[in-house]
Amino acid sequence: MHTTDIISIAKKTLDIEISELEKLKNRLNDDFVKAVELIHSATGKLIVVGIGKSAHVATKMVATLNSTGTPSQFLHASEAIHGDLGVIQKQDVVLCISNSGNSPEIVSLVPYLKEYSSSLIGMTGNKSSKLAEFSDIILDTHVDVEACPIKLAPTSSTTVQMALGDALAVSLMELKDFKANDFAKFHPGGSLGKNLISKVDDFVSSQKPQVSENDSVKEVIISISSSRHGITVVTDNDNIIGVITDGDLRRMLMNGINISDVSAKDIMSFNPKTVERNSLAKDAMKILKDNNIGQLVVTENGKYFGIIDLHKLLDEGIN
């Protein structure tokens with residue numbers, strides 16, 4: 002098989018799934034609105050039920066909903082009829098996903114899902130199924146053709162389910178007025194959360210190199226060498242006058258200057274880039290990148306507070 006043949010197969014697969022997504026978009030109606038409003042107004046959580054490939058869709062849907070402010074829990078259909086039904090409380094809403102709506106596990110389960118919850122939403126491709134019969138609201142995920150060449154493996158159908166789940170989550174986000182800071186609360190350990198809420202203060206080095214403007218080159222070298230940042234800050238009572246980097250020292254030596262006649266003020270760079278300690282870490286990263294520098298002077302109320310390093314921010318996932 003040639004490369005062009007493989008690309009052709011991939012494009013055909015995507016074309017089929019895109020076509021089914023277009024049909025889904027055009028089918029959206031008041032039932033979708035009712036489902037969103039029902040979930041939004043529920044006093045309990047959303048229980049998402051599935052089996053087979055629909056179970057994988059359900060777990061992804063639950064993860065998205067939880068991270069965007071809609072408390073949700075996955076319930077595997079085959080485990081539900083063997084004790085896990087106890088997770089459902091009367092104030093909960095159940096969303097059951099099944100393409101056929103008639104698999105044996107689903108047929109056995111739906112009467113209990115209906116009885117134990119406040120409402121049952123059925124996401125199915127078969128509006129004549131047992132799941133549809135018991136559902137208070139039906140979300141139609143019918144597809145005309147699976148992208149699978151033998152038309153058996155769930156492909157288009159699971160894509161449509163996944164997309165409709167995303168549409169539910171995003172609609173609920175809008176209803177809740179869910180913002181970036183809310184999102185960050187549920188992602189404190191990942192790079193997404195860190196970029197949204199982490200402050201400069203979280204990453205300031207414990208080392209605080211500094212010299213006075215009249216200090217000798219020897220004292221400057223000692224100060225720079227005392228930290229791993231390759232920089233020292235020239236201060237006067239913690240007022241920032243300038244900075245000296247190891248690059249400044251190299252350039253001075255290359256120019257053949259007699260270092261015995263030189264003090265910090267002679268080689269420092271004025272008006273260094275700074276950031277306040279309570280600023281967002283991502284803002285510090287932007288300053289570093291925009292100015293192509295490796296270190297940034299951190300201030301507190303305009304006074305020298307410390308150093309933040311580009312590599313530290315990168316290691317922590319700040320971008």
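In terms of this note's numbering, the sequence shown is numbered consecutively and its last residue is 320. Backbone N, C-alpha and C fix where the C-beta goes; we use that ideal spot for every residue, glycine too.
Under 8 Å between C-beta atoms of residue i and residue j
i                 : j              : result
threonine 233     : serine 224     : yes
serine 104        : isoleucine 52  : yes
asparagine 288    : valine 276     : Contrary to the premise, residue 288 reads as isoleucine rather than asparagine in this sequence. In this structure, valine 276 lies closer than 8 Å to isoleucine 288 by Cβ.
isoleucine 122    : valine 94      : yes
serine 226        : glutamine 208  : no
proline 212       : valine 221     : It should be pointed out that residue 212 corresponds to valine in this sequence rather than to proline. For valine 212 and valine 221, yes; Cβs fall inside 8 Å.
aspartate 32      : isoleucine 138 : yes
phenylalanine 135 : valine 111     : yes
serine 120        : leucine 39     : yes
Own chain partners of residue i with C-beta closer than 7 Å, once the 5 adjacent residues on each side are dropped
i              : result
leucine 86     : Tyr113 and Tyr117
isoleucine 17  : Val146, Ala148 and Ser157
methionine 62  : Val49 and Gly166
arginine 28    : Asp141
lysine 24      : none
serine 79      : Ile52 and Glu106
aspartate 6    : none
asparagine 196 : Lys283, Ile319 and Asn320
asparagine 292 : Lys274
Per-residue DSSP class, three states only, for residue i
i                : result
threonine 1      : With the chain covering 2 to 320 only, the question about residue 1 has no answer from this structure.
methionine 2     : coil
phenylalanine 33 : helix
methionine 255   : helix
serine 120       : strand
valine 63        : helix
lysine 200       : strand
glutamate 301    : strand
isoleucine 242   : strand
aspartate 310    : strand
threonine 14     : helix
histidine 77     : strand
threonine 160    : helix
valine 146       : coil
aspartate 249    : helix
valine 263       : coil
Cβ-based neighbour list, residue i, same chain, cut-off 8 Å, excluding 5 preceding and 5 following
i              : result
methionine 269 : Glu214, Val235, Ile242, Gly243, Val244, Ile245 and Asp249
proline 210    : Ser224, Ile225, Ser227, Ser228, His230, Ile232, Thr233, Val234 and Ile308
Nearest-angstrom beta carbon gap, residue j and residue i [assumed within contact, 8 Å]
i              : j                 : result
asparagine 100 : threonine 65      : In fact, because the Cβ distance is near 20 Å, the residues do not count as touching under 8 Å.
lysine 54      : threonine 159     : 5 Å
glycine 70     : phenylalanine 179 : 5 Å
methionine 326 : leucine 254       : No answer is possible for residue 326: it lies beyond the span of the chain, which begins at 2 and ends at 320.
alanine 59     : isoleucine 98     : 5 Å
Cutoff 6 Å; reference residue i; Cβ partners in own chain excluding five residues on either side
i            : result
tyrosine 305 : Val234, Thr236, Asp239 and Ile241
serine 199   : Ala282
Cβ-based burial, residue i [other Cβ within 10 Å; buried from 16]
i             : result
asparagine 30 : exposed
aspartate 262 : exposed
glutamine 162 : buried
leucine 153   : exposed
Neighbour flag for residue i against chain C, beta carbons, 8 Å
i           : result
glycine 295 : Here there is only one protein chain, and chain C is not present.
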